[in-house]
Structure formats: structure tokens, C-alpha cells
Amino acid sequence: VVAPPDETPALQAELEAVKARLRLSNIELEALKSSGPAPALEATLVSEAHDRTTVRFLLDILGTEEAPLRERLGEVEAMTHKGLPLEGVREAVAVFYARKADGVEVAESLADFVDEWVAQ
């Protein structure tokens, strides 16, 4: 079945959202199976009241360099304090970095992209 042309962009956006949720779920499952890529850093960040799932999620996406990780954790925290749902923020972060990795143009800042994504 082929969707009418006017529905195609909406369906593509919905498909991308489903793929992002699947990637997010896979990352979370893998994170829960192991001690993570940087157990000491993870323990430090969790002891500072950061959500363990978000810490592991960002470790898997960004790697183990502490400065960018702390910066993104701060952004995620600021977004959730603005009232955005954590799951929506994580989904948007996954899409943002997946698009960047694929060479797709994205908003200049992660915060702008998340605001746009969660508003969809």
C-alpha cells in the first residue's frame, strides 16, 4: 500500500520517531546488561544525582570524555526542568546524534533540536 504524497512526510517523521525509540530502548537494554563503558565516571555522576539511565545513554552516544558528557547532562536536566518529558528528550537526543552521524543537517544546538522534536 502506497501512502498519498501529502501523507508521506508525516509517515516518514513517525517512522523516524519509532526508530529512535527502538534505538533508545536497545541502548538502555545494553546498558543494563553490563557495567557500562566508564563505571567510575558513571558512579560519580549518579552520586551527583544524575539519572543512571540517562548517564549510560549519553556514555553510549558520546563516549567517556567527561566534559562533553557533563555538558549534555546539564542540557538534558535543563530541558526536563522546562517541563519536557525525559523520554521525549532522550528520544530527541538519539535522533539528533543519529542524524549528525549520518551527515544529515540538524539544528545548530541540541536544545533547539529537542524543542522542535518534542513539539512534534
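Heads up, the sequence shown is in our numbering, so the first residue is 64 and it goes up one at a time. Here a beta-carbon is modelled for each residue, glycine too, at the ideal position from N, C-alpha and C.
Limits of the unbroken alpha helix (DSSP H) element including residue i
i, result
"P102", "P102 to S110"
"D175", "L173 to A182"
"E168", "Counting along the chain, E168 falls outside any alpha helix (DSSP H), and DSSP gives it neither H nor E."
"H144", "E129 to H144"
"D123", "R115 to L125"
"L147", "It is not in any alpha helix (DSSP H) - L147 carries neither H nor E in the DSSP assignment."
Among the options, nearest to residue i - alpha-carbon criterion
i, options, result
"L108", "P131, Q75 and E77", "P131"
"A174", "E150, A164 and V156", "V156"
"E128", "E140, L92, P102 and V169", "P102"
"I90", "E105, L147, S110 and L122", "L122"
"T150", "E168, E171 and D114", "The identity of residue 150 in the sequence shown is Glu, whereas the question assumes Thr. Looking at the Cα atoms, D114 is the closest of the given residues."
"V21", "E93, L104, P100 and F120", "Only positions 64 to 183 of the chain appear in the structure, and residue 21 is not among them; the question remains open."
"K82", "V158, A112, E70 and A164", "V158"
"E154", "Q183, E93 and E171", "Q183"
"V181", "A76, S97 and E111", "A76"
"G126", "E179, S172, V139 and E105", "E105"
"V139", "E79, S172, A80 and E70", "S172"
"Y160", "E79, S110 and A141", "E79"
Residue burial classification, residue i (beta-carbon count within 10 angstroms, cutoff 16)
i, result
"L85", "exposed"
"E134", "exposed"
"H144", "exposed"
"G166", "exposed"
"G99", "buried"
"L92", "exposed"
Rounded Cβ spacing between residue i and residue j (contact assumed at less than 8 Å)
i, j, result
"T116", "L136", "Going by Cβ atoms, the distance from T116 to L136 rounds to 12 Å, so no, they are not a contact pair."
"V169", "L147", "So it is not a contact: roughly 17 Å between Cβ atoms."
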